[in-house]
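In the working numbering, the protein residues as written are 1 to 325. In this text, a Cβ means the ideal position worked out from N, Cα and C, and glycines have one as well. Since this is a predicted model, take the numbers as computed values, not measurements. Encoded as structure tokens, the structure appears first; notes follow it.
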């Protein structure tokens with residue numbers, strides 16, 4: 001008779017979740033285990049739930065840890081308990097549907113980690129209406145020959161333009177080499193309109209920092225020394241790592257919310273599953289106020305910029321294709 005894998009039971013609010021193979025090493029560089037990953041997400045629980053709440057969420061799973069294969073999974077893994085909630089999405093290009101994880105409580109996050117999830121990648125819309133984003137995402141994506149000093153310079157320009165617009169931006173490290181800024185918006189527009197507004201903003205940043213920034217559509221045509229303000233992250237079915245999501249990197253880095261006054265000194269390598277619990281205990285969730293109605297921005301000024309740019313001959317790059325459901 002085959003022996004059962006070792007496991008521990010984790011209490012999360014009123015749930016008890018069995019975590020199998022808790023001592024499996026997920027991050028070989030540090031020796032951090034699956035149990036360490038669970039402990040991290042418990043420590044930042046309110047933050048990760050706030051970041052994922054009621055959003056369709058794609059999972060990046062590592063069934064054997066980072067030394068094994070990575071699985072990009074839209075459909076919720078088989079065997080989910082009945083209390084784990086989902087949202088059904090339709091993918092017109094293939095006429096398929098997928099039931100994606102829709103986090104409403106911390107137990108769902110810990111269950112996903114039990115199912116070998118390391119990264120959580122939510123949509124910028126919620127299940128009430130997945131076709132109407134309530135989050136505009138500004139993704140500062142450095143080129144192959146960029147450095148983080150350039151990210152900081154461009155972030156300052158982004159902050160300047162947002163202030164002029166009266167928009168409140170919530171920055172976070174990407175967990176990789178870039179920086180993300182989120183802005184709450186009224187869920188009045190479809191993904192193509194939000195992407196068009198994001199492109200208009202990106203072009204304004206490019207005008208102010210032409211040596212550092214590009215909005216060139218094709219990667220092969222970009223200067224590798226420039227940073228791409230990736231407006232495509234606002235297209236339908238495009239996702240990026242959530243605030244507080246761990247990244248599948250050897251040092252167990254985290255996509256960490258930061259204050260604007262921290263951007264100039266913050267180093268993405270500083271934020272890991274080992275350092276973030278204390279930071280969270282001391283500062284709380286720096287994105288906790290993102291749903292305050294006072295922070296919600298109307299895209300109208302950006303759409304006026306888009307009209308102006310297009311009237312001057314600027315093109316609108318085609319919508320990128322999403323992945324199969």
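query = Just reading off the alpha helix (DSSP H) that residue 24 is part of, what are its end residues?
reply = Segment: none, residue 24 is in no alpha helix (DSSP H) and carries neither H nor E.
Rounded straight-line distance, which links the Cα of residue 100 to that of residue 88 = Distance between the alpha carbons of residue 88 and residue 100 is about 6 Å.
ask   = When we look at the beta-carbon of residue 195 and count the other beta-carbons within 10 Å, is it buried (16 or more) or exposed?
value = Counting every other CB atom within 10 Å of its CB across the protein chains shown gives residue 195 a total of 16 or more, marking it as buried.
ask   = How many angstroms separate the CA atom of residue 291 from the CA atom of residue 283?
value = 18 Å
query = Are at least three pairs of beta-carbons, each pair with one atom in the segment 230 to 243 and one in the segment 119 to 137, less than 8 Å apart?
reply = yes
ask   = For the candidate residues 204, 82 and 109, whose alpha-carbon lies nearest to that of residue 242?
value = Restricting attention to 204, 82 and 109, the CA atom closest to the CA of residue 242 is found in 109.
task = Kindly indicate which three-state DSSP category residue 325 falls into: helix, strand or coil?
result = Summary for residue 325: the model assigns pLDDT 39, below 50, so the residue's position carries little reliability; its value from the coordinates is reported in the next sentence. It is coil, neither helix nor strand.
query = Using 8 Å as the Cβ pair cut-off and three pairs as the minimum, do the segment 13 to 21 and the segment 102 to 118 touch?
reply = yes
query = Taking Cβ positions, are residue 276 and residue 112 nearer each other than 9 Å?
reply = no
message = In whole angstroms, give me the CA-to-CA distance for residue 1 and residue 77.
response = Reliability fails at residue 1, whose pLDDT of 46 lies under 50, so the model's placement of it is uncertain and the value that follows must be treated cautiously. Straight-line Cα distance between these residues: approximately 26 Å.
ask   = alpha helix (DSSP H) containing residue 108: first to last residue?
value = 106 to 114
task = Give the DSSP-derived three-state secondary structure of residue 74 in the structure shown.
result = Correct three-state label for residue 74: coil.
task = If I'm right that residue 178 touches residue 161 with Cβ under 8 Å, what's the distance once you round it to whole angstroms?
result = That pair is no contact at about 18 Å.
message = Along the chain, where does the alpha helix (DSSP H) containing residue 225 start, and where does it finish?
response = First-last for residue 225: undefined, no H or E at that position.
Cβ distance (whole Å) where residue 29 is taken to contact residue 250 below 8 Å = 4 Å
request  = Could you please give the first and the last residue of the uninterrupted alpha helix (DSSP H) stretch that includes residue 159?
outcome  = That run of the alpha helix (DSSP H) goes 148 to 165.
query = Mind checking residue 71: buried by the 16 CB within 10 Å criterion, or exposed?
reply = exposed
ask   = Which same chain residues, not among the five before or five after residue 35, have their C-beta less than 8 Å away from its C-beta?
value = 8, 19, 22 and 23
task = Indicate the three-state DSSP secondary structure (helix, strand or coil) for residue 13 in the structure shown.
result = Coil.
query = Would you say residue 5 touches the ligand HEM, meaning its beta carbon is less than 8 Å from a heavy atom?
reply = What this structure holds is no ligand at all, so the ligand HEM is not there to describe.
message = Taking the straight line between their C-alpha atoms, what separation do you get for residue 319 and residue 6?
response = 47 Å
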